[in-house]
Amino acid sequence: GAGVSQSPRYKVAKRGQDVALRCDPISGHVSLFWYQQALGQGPEFLTYFQNEAQLDKSGLPSDRFFAERPEGSVSTLKIQRTQQEDSAVYLCASSLAGTGARQPQHFGDGTRLSIL
Amino acid sequence: DAKTTQPPSMDCAEGRAANLPCNHSTISGNEYVYWYRQIHSQGPQYIIHGLKNNETNEMASLIITEDRKSSTLILPHATLRDTAVYYCIVRAGGVTDKLIFGTGTRLQVFP
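Going down the list, the protein sequences come from chains A and B.
Quick note: the first sequence, position 59, residue 127 per the working numbering, numbers continuous.
Quick note: the second sequence, position 1, residue 25 per the working numbering, numbers continuous.
As structure tokens, this is what we get:
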């Protein structure tokens, strides 16, 4: 497809399990972002990649959160030892250029993570 | 923190223009105003952006005041499918160029 694709669409895990969320950005997009959206709130920034380089991870809430984009295309957000407060929608976005406020970010529909 | 202020909710009759205001009084000269919307269970959808001039595309028009401290998103003929949360975002670019969302305006279009 032409848009950002995220999988799985829904994920249910038990507290303490590890999870991996996948993002396929739009082909050719240099920049990739992960956001976390709690119920009733706007999305909050987690981390940013330019190609394979992770240039900003200031939004990751703890060291249990890890993201990678090894070949500068597909990205994976991993959460280790999940906690109930990790329950949220995780959104991925990509944009064409490396930086610059003229390039809009295009979002996937997210992965809804529920921790039991 | 978000640099914008929006009303929490608005209503609009189908077929009428929806005018969504946004205050961004601390905006800097190189910061763009972006609008996104989020329909239930979907990711945010890009609508339009501008720096200082008014902008129009197939979805909406963006009117930015001369002092750039506020803007209005106009949906000229609202439909039921325009019911969504609308986010106004001031975006500076820079190394990360991340979006900082506020709580947005929940627009309800009614028949």
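We put the CB at the ideal spot given by N, CA and C, even for glycine.
Computed from a predicted model, the values in this text were never measured in an experiment.
Under the three-state reduction of DSSP, which class applies to residue i: helix, strand or coil?
i	result
residue 104 of chain B	helix
residue 90 of chain B	coil
residue 177 of chain A	coil
residue 35 of chain B	strand
residue 151 of chain A	coil
residue 45 of chain B	strand
residue 28 of chain B	coil
residue 73 of chain B	strand
residue 92 of chain A	strand
residue 120 of chain B	coil
residue 120 of chain A	coil
residue 82 of chain A	coil
residue 55 of chain B	coil
residue 66 of chain B	coil
residue 70 of chain A	coil
residue 159 of chain A	strand
residue 131 of chain B	strand
residue 50 of chain B	coil
residue 125 of chain B	coil
residue 146 of chain A	strand
residue 104 of chain A	strand
residue 99 of chain B	strand
residue 40 of chain B	coil
residue 165 of chain A	coil
residue 132 of chain A	coil
residue 85 of chain B	strand
Alpha carbon to alpha carbon, how far is residue j from residue i? Give it in angstroms, no decimals.
i	j	result
residue 124 of chain B	residue 59 of chain B	12 Å
residue 105 of chain B	residue 35 of chain B	13 Å
residue 161 of chain A	residue 132 of chain A	21 Å
residue 107 of chain B	residue 120 of chain A	37 Å
residue 91 of chain A	residue 111 of chain A	16 Å
residue 142 of chain A	residue 165 of chain A	16 Å
residue 101 of chain A	residue 40 of chain B	36 Å
residue 175 of chain A	residue 129 of chain A	21 Å
residue 152 of chain A	residue 158 of chain A	14 Å
residue 212 of chain A	residue 144 of chain A	As displayed, chain A neither begins before 69 nor continues past 184, which places residue 212 of chain A out of reach and without an answer.
residue 150 of chain A	residue 86 of chain A	6 Å
residue 65 of chain B	residue 71 of chain A	16 Å
residue 116 of chain A	residue 99 of chain B	31 Å
residue 99 of chain A	residue 154 of chain A	24 Å
residue 94 of chain B	residue 109 of chain B	19 Å
residue 137 of chain A	residue 28 of chain B	32 Å
residue 136 of chain B	residue 156 of chain A	Since the first residue shown for chain B is 25 and the last is 135, residue 136 of chain B is missing from the structure and cannot be characterised.
residue 82 of chain A	residue 93 of chain A	28 Å
residue 67 of chain B	residue 179 of chain A	10 Å
residue 139 of chain A	residue 131 of chain B	40 Å
On a CA-only basis, which of the options is nearest residue i? Give me that one, please.
i	options	result
residue 78 of chain B	B:84, B:88, B:115	B:88
residue 173 of chain A	A:70, A:163, A:179	A:163
residue 126 of chain B	B:117, B:111, B:67, B:69	B:111
residue 96 of chain B	B:53, B:86, B:48	B:86
residue 129 of chain B	B:27, B:38, B:44	B:44
residue 51 of chain B	B:119, B:134, B:113	B:113
residue 102 of chain B	B:134, B:120, B:90, B:116	B:134
residue 123 of chain A	B:122, B:99, B:42, B:29	B:122
residue 73 of chain B	B:63, B:67, B:84	B:84
residue 127 of chain A	A:140, A:105, A:137	A:105
residue 31 of chain B	B:37, B:38, B:48	B:48
residue 46 of chain B	B:80, B:53, B:92	B:92
residue 118 of chain B	B:38, B:56, B:37	B:56
residue 115 of chain B	B:53, B:67, B:68	B:53
residue 171 of chain A	B:80, B:82, B:70, B:76	B:70
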